[in-house]
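Engineer: Supplied in structure tokens, the structure appears directly below.
Residue numbers (full-length UniProt numbering): 1 to 405.
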């Protein structure tokens, strides 16, 4: 009977059974200590307008800090999860050459099915080859940026003559670099004290880099900036339901359900689980778009009119397309469009684009001709080898045949 009871208890413990075995009479409960984080902060937001390197302010108790000891118990506990990505899909596709990407006009990010492979590969390049001593991507030296860019270009098919392709690579590297900083600081905040973080370290970066980052995070200037960023993030009124997937990818997948920007706005701000908008502000913006269309006697299915109303309601922001994320190229402001230098550069870019397309088509035609010539040469070579073999066999047969006197 006693054995069955022990068996049931073991089963109820589940995966924590081993941890409970060590607790007995000889153990004493440890007093609670303060954590580097003062409050629990939600870091799962998918807002594309906020950098992932936002602050999580913390407060340290100077009175208790001197009495804390740094030992193995100060190491942050590791949660169960899916584990690090191994990049198997990238390796499978890379065997056949550079991986193609589809970056449409007016966009700064890929909208094809290889988007996840591209995003994962850039993340791997940043974590393996980037120097994380810098505070952000803007502080990285040009030589280091060029090295990372060349690594990305070596794995994907990119037209470097197009600004959208260049911006796609640089913007993705910047986001992944800052996101890695955010991940490293989460590891730092998992320690009980600053001294424990310095002693424990992490396997994600080398020890000297980790020490530089810890000193920066413990500085008063960073704490002040972190507090400001957290207050600004609390002012955010609109989230979306797109998750980590970029808006250009969602627009590609939901093109039939959301053919214009007004329908797309509802698609990414509507909760299917709750059957309502995720915020009152998002609902107000959508209703305002619909009202503007009705005032002009236009239908929501009129894509051009709907797109114009979408931009009118949300407004403009320098360097960013409101409601569309960073992967969409923002339209220039009215003052910039009226600028003579901008008009001149725009015309030159259009001319250069036409010339680039012409040269590209000529290059493709030349490649086709070379391939055809190569195939013809291989056929001719086979015929010559066959003819030489026949001649060689005839010579050998003449030598073996006796000559009549």
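By construction, the Cβ of each residue, glycine as well, lies at the ideal position given by its N, Cα and C atoms. This structure is a prediction, so every number in the text was calculated from the model and none was measured.
Tell me the residue span of the alpha helix (DSSP H) that contains residue 188.
Structural biologist: 163-189
Engineer: Just the C-alpha distance for residue 217 and residue 210, rounded to the nearest angstrom, thanks.
Structural biologist: 11 Å
Engineer: Between the beta-carbon of residue 148 and the beta-carbon of residue 130, is there less than 8 Å?
Structural biologist: yes
Engineer: Within its chain, find whatever has a CB closer than 6 Å to the CB of residue 314; leave out the 5 residues flanking it on each side and keep chain order.
Structural biologist: 322 and 323
Engineer: In its own chain, which residues sit with a C-beta less than 8 Å from the C-beta of residue 116, not counting the 5 before and 5 after it?
Structural biologist: 89
Engineer: For my contact list, residue 132 and residue 205 are in at a C-beta cut-off of 8 Å; report their separation, rounded to the angstrom.
Structural biologist: 5 Å
Engineer: Relative to the alpha-carbon of residue 123, which residue among 99, 194, 181 and 329 has its alpha-carbon at the smallest distance?
Structural biologist: 181
Engineer: Would you call the segment 133-146 and the segment 185-192 touching, i.e. three or more CB-CB distances under 8 Å?
Structural biologist: Not touching, per the Cβ criterion.
Engineer: Nearest by alpha-carbon distance to residue 290: which of 279, 278 and 264 is it?
Structural biologist: 264
Engineer: So, is residue 269 buried or exposed, given that buried needs 16 or more other C-beta atoms within 10 angstroms?
Structural biologist: buried
Engineer: Report, in whole angstroms, the separation of the C-beta atoms of residue 114 and residue 99, which I expect to be a contact under 8 Å.
Structural biologist: The Cβ separation is near 6 Å, so the contact holds.
Engineer: Using only CA atoms, which one of 109, 373, 194 and 275 lies nearest to residue 171?
Structural biologist: That would be 109, whose Cα lies nearest to the Cα of residue 171.
Engineer: Mind checking whether residue 106 and residue 262 have CB atoms under 8 Å apart?
Structural biologist: no
Engineer: Tell me, to the nearest whole angstrom, how far the beta carbon of residue 127 is from that of residue 87; I am working on the premise that it is less than 8 Å.
Structural biologist: Actually they are not in contact, since the Cβ atoms of residue 127 and residue 87 sit about 11 Å apart, beyond 8 Å.
Engineer: Taking the alpha helix (DSSP H) that residue 88 belongs to, which residues open and close that run?
Structural biologist: 88-94
Engineer: Between residue 305 and residue 293, which are expected to be in contact by the criterion C-beta below 8 Å, what is the C-beta distance as a whole number of angstroms?
Structural biologist: 7 Å
Engineer: Give me the Cα-Cα distance between residue 357 and residue 366, rounded to the nearest whole angstrom.
Structural biologist: 14 Å
Engineer: Any idea what DSSP makes of residue 320, helix, strand or coil?
Structural biologist: strand
Engineer: Give every residue of the same chain whose Cβ lies closer than 8 Å to the Cβ of residue 286, excluding the five residues on either side of it in the sequence, and list them in chain order.
Structural biologist: Residues of the same chain with a CB within less than 8 Å of the CB of residue 286, apart from the 5 flanking positions on each side, are 262, 265, 266, 269 and 277 in chain order.
Engineer: Just to confirm, is the Cβ distance from residue 316 to residue 281 under 8 Å?
Structural biologist: no
Engineer: Pull the bridge partners of residue 208 from the DSSP assignment, please.
Structural biologist: DSSP output for residue 208 lists no bridge partner at all.
Engineer: DSSP on residue 221, reduced to helix/strand/coil?
Structural biologist: helix
Engineer: Cβ atoms of residue 101 and residue 156: under 8 Å apart, would you say?
Structural biologist: yes
Engineer: If the criterion is Cβ atoms closer than 8 Å, does the pair residue 228 and residue 271 meet it?
Structural biologist: Not in contact: residue 228 and residue 271 (Cβ atoms no closer than 8 Å).
Engineer: On the premise that residue 166 lies in contact with residue 160, defined as a C-beta separation below 8 Å, what is that separation, rounded to the nearest angstrom?
Structural biologist: 6 Å
Engineer: First and last residue of the alpha helix (DSSP H) that includes residue 266?
Structural biologist: That run of the alpha helix (DSSP H) goes 261-269.
Engineer: Mind checking which residues open and close the alpha helix (DSSP H) that includes residue 130?
Structural biologist: Neither: residue 130 is in no alpha helix (DSSP H) and is coded neither H nor E.
Engineer: Is it true that the CB of residue 239 sits closer than 8 Å to the CB of residue 275?
Structural biologist: no
Engineer: How would you call residue 344, buried or exposed, if buried means at least 16 neighbouring beta carbons within 10 angstroms?
Structural biologist: With fewer than 16 other Cβ atoms within 10 Å, it is exposed.
Engineer: Could you check whether residue 251 and residue 164 sit closer than 8 Å to each other, using their CB atoms as the reference points?
Structural biologist: no
Engineer: Is residue 246 closer than 8 Å to residue 325 when the C-beta atoms are compared?
Structural biologist: In this structure, the beta-carbon distance from residue 325 to residue 246 falls below 8 Å.
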